[in-house]
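Engineer: Quick one: structure below, then a few questions.
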Amino acid sequence: MDAPLPDSLSAAPPSPLAPTAAARTGPDPGRAGAAAPLIEAAGLTFTVRAASGPVNILRGVDLTVTAGEAVGLVGPSGSGKTSLLMLLAGLERPTGGALRIAGHDLAAMDEDALARFRREHIGIVFQAFHLIPTMTALENVAVPLEFAGRGDAFDRAAEALRSVGLAHRLEHYPGQLSGGEQQRVALARAVVAAPRLLLADEPTGNLDRATGAQVMELLFDLRARLGTTLLLVTHDAALAARCERQVRMEDGRIVGDDGGGGAAGEAVPGAE
Ligand SMILES: Nc1ncnc2c1ncn2[C@@H]1O[C@H](COP(=O)(O)OP(=O)(O)O)[C@@H](O)[C@H]1O
Ligand SMILES: [Mg+2]
Numbered sequence: 000m001d002a003p004l005p006d007s008l009s010a011a012p013p014s015p016l017a018p019t020a021a022a023r024t025g026p027d028p029g030r031a032g033a034a035a036p037l038i039e040a041a042g043l044t045f046t047v048r049a050a051s052g053p054v055n056i057l058r059g060v061d062l063t064v065t066a067g068e069a070v071g072l073v074g075p076s077g078s079g080k081t082s083l084l085m086l087l088a089g090l091e092r093p094t095g096g097a098l099r100i101a102g103h104d105l106a107a108m109d110e111d112a113l114a115r116f117r118r119e120h121i122g123i124v125f126q127a128f129h130l131i132p133t134m135t136a137l138e139n140v141a142v143p144l145e146f147a148g149r150g151d152a153f154d155r156a157a158e159a160l161r162s163v164g165l166a167h168r169l170e171h172y173p174g175q176l177s178g179g180e181q182q183r184v185a186l187a188r189a190v191v192a193a194p195r196l197l198l199a200d201e202p203t204g205n206l207d208r209a210t211g212a213q214v215m216e217l218l219f220d221l222r223a224r225l226g227t228t229l230l231l232v233t234h235d236a237a238l239a240a241r242c243e244r245q246v247r248m249e250d251g252r253i254v255g256d257d258g259g260g261g262a263a264g265e266a267v268p269g270a271e
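Start counting the sequence shown at 0; every next residue gets the next number (numbering that gives the first Met the number 0).
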């Protein structure tokens, strides 16, 4: 698990990834919109239609996240954490408000542009792994790179799997892997294209405590080595506290944000 991250993982198109978290927190002149925050959400709303009428899931979320930050997102079940992650990933579209990620206005993008945006900028890990059961670990991790047309997809996928300690599981199918191994494959897939933003939604929720702790170590380790901005949804107060900033949601709104660094903003009471 402590194998050094291969060079090809820490240098991805369109511009080389800075080697350390510290290096990524400064301005990032190589990319469009680099001077702007990585996440800029203002007045974000998300309403879905249910049989009983409209459900206002997000009711005006304002959130700005600087490149390189690690943010722990906490809040009761049903408060809208997963929905917010889906919007940030470009997997759902906001009903209202403004959302820019890495300088891109997500509302202005068509489906193809959104798919490209996800490939280039977003890594996402879900509670339920979401691996493709008919593909080997290697194929699962190579998928995003193959879609991006990269000729070295399988080499890079193998390196990513090595970096999560799974060099010996490349040809295994998800059904032949333990839960912890499956989540490590999902982590490798999330970081293989060196995304600027890593989104993780209760990534240890389906794992036993010891395995969950290992996966979380790996997540923080990858994040530190890649310098990726991290938004981590978790019920675990201790894990949230490992992020330099904690944000709390309730009922579709942000009700607490310590702003990182401890000084500014409201305290975030009781991560569950
Ligand atoms: N497609 C949907 N249709 C109706 N209600 C939904 C839908 N998706 C989510 N919800 C509701 O929105 C609220 C927020 O859900 P979610 O974002 O999953 O919260 P969290 O991740 O904080 O538990 C919940 O009450 C949930 O039941
Ligand atoms: Mg959720």
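For each residue, glycine too, the CB sits at the ideal point set by N, CA and C.
Classify E39 as helix, strand or coil using the three-state DSSP reduction.
Structural biologist: In the sequence shown, residue 39 corresponds to position 40, counting from 1. In the structure shown, E39 sits in a strand (DSSP, three-state: E or B).
Engineer: Would you decide whether A192 is buried or exposed? Buried here means 16 or more other CB atoms lie within 10 Å of its CB.
Structural biologist: Looking up residue 192 in the sequence shown gives position 193. Label assigned to A192: buried.
Engineer: Grab the span of the beta strand (DSSP E) containing L87 for me, first residue to last.
Structural biologist: In the sequence shown, counting from the first residue as 1, residue 87 sits at position 88. Counting along the chain, L87 falls outside any beta strand (DSSP E), though it belongs to the alpha helix (DSSP H) covering K80 to L87.
Engineer: Consult DSSP for R183 and reduce its assignment to one of helix, strand or coil.
Structural biologist: For this step, residue 183 is matched to residue 184 along the sequence shown. Helix, per DSSP.
Engineer: List in chain order: all unbroken alpha helix (DSSP H) runs of 4+ residues lying wholly within the region 190 to 228.
Structural biologist: Counting whole runs of 4 or more residues, the region 190 to 228 contains the alpha helix (DSSP H) stretches 208 to 225.
Engineer: Any idea if D109 is buried or exposed, counting beta-carbon neighbours within 10 angstroms, 16 or more meaning buried?
Structural biologist: One-based indexing of the sequence shown puts residue 109 at position 110. Exposed: under 16 other Cβ atoms inside 10 Å.
Engineer: With DSSP run on the structure shown, which of helix, strand or coil describes D109?
Structural biologist: Counted from its first residue, the sequence shown places residue 109 at position 110. Correct three-state label for D109: coil.
Engineer: Measuring alpha carbon to alpha carbon, tell me which of G204, R241 and D256 ends up nearest V124.
Structural biologist: The count along the sequence shown starts at 1 and reaches residue 124 at position 125. With distances taken between Cα atoms, V124 lies closest to G204.
Engineer: Is S278 close to ligand 1? I mean its beta-carbon at under 7 Å from any heavy atom of the ligand.
Structural biologist: No answer is possible for residue 278: it lies beyond the span of the chain, which begins at 0 and ends at 271.
Engineer: For L90, does the count of other Cβ atoms within 10 angstroms reach 16, so buried, or fall short, so exposed?
Structural biologist: Position 91 of the sequence shown, counted from the first residue, corresponds to residue 90. So L90 counts as exposed.
Engineer: Using a 10 Å radius around the Cβ and a threshold of 16 neighbouring Cβ atoms, would you call D256 buried or exposed?
Structural biologist: As a position in the sequence shown, residue 256 is number 257, starting the count at 1. The residue is buried, with at least 16 neighbouring Cβ atoms inside 10 Å.
Engineer: Pull up the distance between the alpha-carbon of A20 and that of G174, whole angstroms please.
Structural biologist: The residue labelled residue 20 in the question sits at position 21 within the sequence shown. The residue labelled residue 174 in the question sits at position 175 within the sequence shown. At A20 the pLDDT is 38, less than 50, meaning the model places this residue with poor confidence and gives no usable figure here.
Engineer: To the nearest angstrom, how far is the alpha carbon of L221 from that of L57?
Structural biologist: Sequence index remark: in the sequence shown, residue 221 carries index 222 (1-based). Sequence index remark: in the sequence shown, residue 57 carries index 58 (1-based). Those two C-alpha atoms are separated by around 30 Å.
Engineer: Quick check on S14: does DSSP put it in helix, strand or coil?
Structural biologist: On the sequence shown, residue 14 is found 15 positions in, with the first residue counted as 1. Residue placement at S14 cannot be trusted, given a pLDDT of 31 that sits under 50; the coordinates are not used to answer.
Engineer: Excluding the 5 residues preceding and the 5 following L43 in the sequence, name in chain order all residues of the same chain whose CB lies nearer than 8 Å to its CB.
Structural biologist: Position 44 of the sequence shown, counting from 1, holds the residue named residue 43. Hits under 8 Å: L57, G59, V60, D61, L62, L83, L86, P93, G95, G96, A97 and L98.
Engineer: According to the Cβ coordinates, are V254 and T81 closer than 8 Å?
Structural biologist: The residue you call residue 254 lines up with position 255 of the sequence shown. The residue you call residue 81 lines up with position 82 of the sequence shown. For V254 and T81, no; Cβs fall outside 8 Å.
Engineer: Measure from the alpha carbon of V164 to the alpha carbon of each residue in T227, L217 and P53, then state which is nearest.
Structural biologist: The sequence position of residue 164 within the sequence shown is 165, counting from 1. Before going on, a small fix: residue 164 reads as Gly here, not Val. Cα-wise, what sits closest to G164 is L217.
Engineer: Report whether the distance from the Cβ of T203 to the nearest heavy atom of ligand 2 is below 7 Å.
Structural biologist: Residue mapping note: residue 203 aligns to position 204 of the sequence shown, counting from 1. Answer for T203: no, Cβ out of range of ligand 2.
Engineer: Take A240 as the anchor and find which of R149, S177 and L72 has the nearest alpha-carbon.
Structural biologist: Numbered from its first residue, the sequence shown carries residue 240 at position 241. Of R149, S177 and L72, the residue nearest in Cα terms is L72.
Engineer: Helix, strand or coil: how does DSSP classify Q175 here?
Structural biologist: Counting from one through the sequence shown, the residue named residue 175 turns up at place 176. Looking at Q175 - three-state DSSP - the assignment turns out to be helix.
Engineer: Looking at the secondary structure, which residues open and close the beta strand (DSSP E) in which D61 lies?
Structural biologist: Translated into positions along the sequence shown, residue 61 becomes position 62. Note, D61: beta strand (DSSP E), G52 to V64.
Engineer: Assuming L130 and A185 make a contact with CB atoms under 8 Å, what is their CB distance in whole Å?
Structural biologist: Along the sequence shown, read from residue 1 onward, the residue named residue 130 stands at position 131. Along the sequence shown, read from residue 1 onward, the residue named residue 185 stands at position 186. Right, their Cβ atoms sit about 6 Å apart.
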